[in-house]
Amino acid sequence: MTKVTQLPAQMMASIKGLLTKKEKQLEKRKIALKAEDPFTDPERMNDNAAIDVEAAEQFGHERISAMNREIDKMLIRVRKSLTRIRLGKYGVCDVCGKMIDTNRLSIDPTVQDCVSCAKKRAKTTGLK
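Put into structure tokens, the structure is as follows:
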């Protein structure tokens, strides 16, 4: 395995701040989405809504559920990156152990693999 060096402390502090801010934003968005979900209305079952209203509520609930699933995925990536910072493993490829290019981390601070390993994974999984 290649000897790994650490990212500059100033860059790490900046990324940690960015990730912490993103985590808080995502948590706030989840709370806001819960309030928007028509299924959380306690009177929903008592109002004997028309079929079209029920369909609209069902659609709204499904949309919010899909958004929540995406937010959960993003939260996992953010929290995993924050954990890697705490462990001193941030910026190191999960696959090959080499440093991830700082330009790649600047674009997406939650990436866990270097460009080379990401390309190999995309090739084997058929993703682009």
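Residue numbering for the sequence shown follows our numbering, starting at 2 and increasing by one per position. Glycine included, C-beta positions come from ideal geometry on N, C-alpha and C.
| query | result |
| --- | --- |
| Contacts around Lys-35, its chain only, beta-carbon distance under 7 Å, and the 5 residues preceding and following it disregarded | Thr-41 |
| Meets three-Cβ-pair contact criterion under 8 Å: the region 14-28 and the region 75-85 | yes |
| Alpha carbon of Ile-108 to alpha carbon of Ile-101, nearest angstrom | 12 Å |
| Environment of Gly-92 [buried if 16+ CB atoms lie within 10 Å] | buried |
| Same chain, Cβ closer than 7 Å to Met-2, neighbours up to 5 away in sequence not counted | Legend: pLDDT at Met-2 = 47, less than 50; position of this residue unreliable, value from coordinates given subsequently. Counting only Cβ-Cβ distances below 7 Å, and skipping sequence neighbours, we find Gly-98. |
| Residues bridged to Val-93 (per DSSP) | Met-100 |
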